[in-house]
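Engineer: Residue numbers (the working numbering): 213 to 569.
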Ligand SMILES: *Cc1c(COP(=O)(O)O)cnc(C)c1O
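Dropping the structure here:
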């Protein structure tokens with residue numbers, strides 16, 4: 213008899229219901245997010261050596277192309293349960309794409325504040341198509357976040373940035389998935405930090421699994437920021453953060469305290485990587501592993517490569533790839549080593565000659 217394949221995955225709330233603050237009454241707004249692949253990356257492992265095993269958690273394969281969907285399915289489901297009719301967020305792009313998709317699917321209005329001119333093309337396209345109302349401000353992400361925080365306290369509109377505790381609840385499931393796949397927690401978790409919600413969520417997830425005996429160890433939390441947007445590394449507010457990795461172009465992270473706690477309790481580290489190091493990792497992932505992530509995501513791998521000499525023998529490492537490369541086509545077009553023969557005559561001979569025959 214032919215085997216029929218019916219996917220039983222219906223999103224992370226259903227999969228991890230008993231670990232999440234939901235009840236029978238919660239309306240689940242889902243696009244079947246989560247269950248993203250944990251992919252070995254041998255070319256990175258070879259660069260580290262010493263018997264290391266390196267994987268990427270490819271969260272760019274979520275429904276809107278970033279890990280933000282993990283938090284948004286929770287935030288929007290709870291907003292709907294509470295009877296909210298509209299949500300708002302500040303965003304470097306991915307939060308707005310995700311908020312728009314989930315809000316509209318749940319029948320809610322979505323308002324997004326973005327820093328004018330600093331949102332990657334793919335992300336803006338998504339927010340437009342999902343039908344969000346977009347407010348582009350003359351200011352950066354930190355300015356936008358301040359405004360939406362204040363507005364959400366004054367008006368009946370739900371804030372869905374990572375200060376919303378349901379966001380981190382949803383995002384912690386990525387740690388569960390890693391342990392469920394490996395059968396144990398990794399030794400190191402390398403992750404980019406912007407507002408530092410995700411590193412805090414992973415730490416919460418690993419700890420909950422540890423306490424429930426689902427894993428016997430906890431990973432060192434290794435958080436990475438872009439050199440000119442590194443408030444947690446240099447321990448100060450950055451007034452004018454800059455980086456090609458626009459998703460982590462943040463100078464005053466709201467989850468600062470939680471992230472520092474994760475680093476200290478796990479005996480991990482924070483460090484900065486230059487845009488050049490980010491692009492180098494981005495190109496290795498693309499051209500040697502076949503994995504296309506956005507530049508902010510590549511900061512996790514850039515950070516690992518920076519720490520190569522400090523990796524102990526036989527270490528299992530997971531780098532979190534937070535977003536899909538298709539989000540930022542400009543970055544791809546401007547930063548690659550592709551051989552591009554243009555203006556080639558339309559005949560077999562010329563094409564064969566160009567191929568080197
Ligand atoms: C939001 C985002 C980050 C940063 O996550 P935080 O929780 O703000 O630290 C990193 N990479 C991508 C692609 C993102 O969208």
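Even glycine gets a Cβ: it sits at the ideal position worked out from N, Cα and C.
Would you call the stretch 391-409 and the stretch 361-380 in contact, with 3 or more CB pairs under 8 Å?
Structural biologist: At 8 Å Cβ cutoff, the stretches touch.
Engineer: Counting only runs of 4+ residues fully inside the stretch 333-376, write out the alpha helix (DSSP H) ranges in chain order.
Structural biologist: 333-342, 353-366
Engineer: Does the Cβ-Cβ distance between residue 513 and residue 544 come in under 8 Å?
Structural biologist: One thing to note: residue 513 has its Cβ no nearer than 8 Å to the Cβ of residue 544.
Engineer: I believe residue 509 touches residue 272 by the beta-carbon criterion, under 8 Å. Please report the beta-carbon distance rounded to the nearest angstrom.
Structural biologist: 7 Å
Engineer: Rounded to whole angstroms, what is the Cα-Cα separation between residue 517 and residue 473?
Structural biologist: Separation of residue 517 and residue 473 (C-alpha to C-alpha, rounded to the nearest whole angstrom) is 24 Å.
Engineer: Identify every residue that forms a DSSP beta bridge with residue 543.
Structural biologist: Residue 543 is not bridged to any residue.
Engineer: Note down the Cα distance separating residue 235 from residue 478, rounded to an integer number of angstroms.
Structural biologist: If you take the alpha carbons of residue 235 and residue 478, they lie about 32 Å apart.
Engineer: Is any heavy atom in ligand 1 found nearer than 7 Å to the beta carbon of residue 384?
Structural biologist: no
Engineer: Taking the straight line between their C-alpha atoms, what separation do you get for residue 240 and residue 289?
Structural biologist: Put simply, the backbone Cα of residue 240 is about 5 Å away from that of residue 289.
Engineer: Using the Cα positions of residue 439 and residue 451, report the straight-line distance between them to the nearest angstrom.
Structural biologist: 14 Å
Engineer: Taking one C-beta from the stretch 335-345 and one from the stretch 242-252 each time, how about it: are there three or more such pairs within less than 8 Å?
Structural biologist: no
Engineer: Mark residue 484 as exposed unless 16 or more other C-beta atoms lie within 10 angstroms of its C-beta, in which case mark it buried.
Structural biologist: Residue 484 comes out buried.
Engineer: Please find out if some non-hydrogen atom of ligand 1 comes closer than 7 Å to the beta-carbon of residue 598.
Structural biologist: Nothing about residue 598 can be read from this structure; the chain reaches only from 213 to 569.
Engineer: Does DSSP put residue 265 in a helix, a strand or coil?
Structural biologist: strand
Engineer: Could you check if residue 416 belongs to the surroundings of ligand 1, using beta carbon to heavy atom distance under 7 Å?
Structural biologist: No, the Cβ of residue 416 stays beyond 7 Å of every heavy atom of ligand 1.
Engineer: Relative to the alpha-carbon of residue 488, which residue among 475, 515, 502 has its alpha-carbon at the smallest distance?
Structural biologist: Closest option to residue 488, Cα to Cα, is 515.
Engineer: Rounded to the nearest angstrom, how far is the Cβ of residue 575 from that of residue 299, given a contact under 8 Å?
Structural biologist: The shown model of the chain, from 213 to 569, leaves out residue 575, and the question about it has no answer.
Engineer: Please indicate yes or no: does the CB of residue 396 lie closer than 7 Å to some heavy atom of ligand 1?
Structural biologist: no
Engineer: Between 339, 304, 466, 326, which lies nearest to residue 316 when the distance is taken from Cα to Cα?
Structural biologist: 339
Engineer: Which residue's Cα is closest to the Cα of residue 266: 378, 323, 223, 390?
Structural biologist: 390
Engineer: Write down the C-beta distance between residue 430 and residue 268 rounded to the nearest angstrom, noting that I regard them as a contact closer than 8 Å.
Structural biologist: Between residue 268 and residue 430 the Cβ distance is about 20 Å, and since that is not below 8 Å, they are no contact.
Engineer: Indicate whether residue 527 and residue 400 have their beta-carbon atoms separated by less than 8 Å.
Structural biologist: Yes, these two residues count as a Cβ contact at 8 Å.
Engineer: Exposed or buried, residue 539, counting other C-beta atoms within 10 Å across all chains shown (16 or more means buried)?
Structural biologist: The residue is buried, with at least 16 neighbouring Cβ atoms inside 10 Å.
Engineer: Which one or two residues does DSSP pair with residue 563 in a beta bridge?
Structural biologist: In the DSSP output, where bridge partners are listed per residue, residue 563 has none listed.
Engineer: Does the beta-carbon distance from residue 495 to residue 546 come in below 8 Å?
Structural biologist: no
Engineer: State the CB to CB distance for the pair residue 462 and residue 354, rounded to an integer number of angstroms; the pair is presumed to be in contact (CB under 8 Å).
Structural biologist: 6 Å
Engineer: Since residue 195 contacts residue 232 with CB under 8 Å, what's their CB separation in whole angstroms?
Structural biologist: Nothing about residue 195 can be reported from this structure: the residues present for the chain run from 213 to 569 only.
Engineer: What is the rounded straight-line gap between the Cα of residue 442 and the Cα of residue 403?
Structural biologist: Near 14 Å, if we compare the C-alpha coordinates of residue 403 and residue 442.
Engineer: Does DSSP put residue 448 in a helix, a strand or coil?
Structural biologist: coil
Engineer: With a 10 Å radius around its C-beta and 16 neighbouring C-beta atoms as the bar for buried, classify residue 566 as buried or exposed.
Structural biologist: exposed
Engineer: With residue 275 and residue 311 assumed to form a contact (beta carbons below 8 Å), what rounded beta-carbon distance in angstroms separates them?
Structural biologist: Incorrect: roughly 13 Å between the Cβ atoms, too far for contact.
Engineer: Can you tell me which of the three DSSP states residue 502 falls into?
Structural biologist: coil
Engineer: Let me check you understand the geometry: is the CB of residue 506 closer than 7 Å to at least one non-hydrogen atom of ligand 3?
Structural biologist: This structure does not include ligand 3; its bound ligands are ligand 1.
Engineer: Apply the 10 Å Cβ neighbour rule to residue 449 and answer buried if 16 or more other Cβ atoms are within range, or exposed otherwise.
Structural biologist: exposed
Engineer: I need the straight-line Cα distance from residue 524 to residue 256, nearest angstrom please.
Structural biologist: 15 Å
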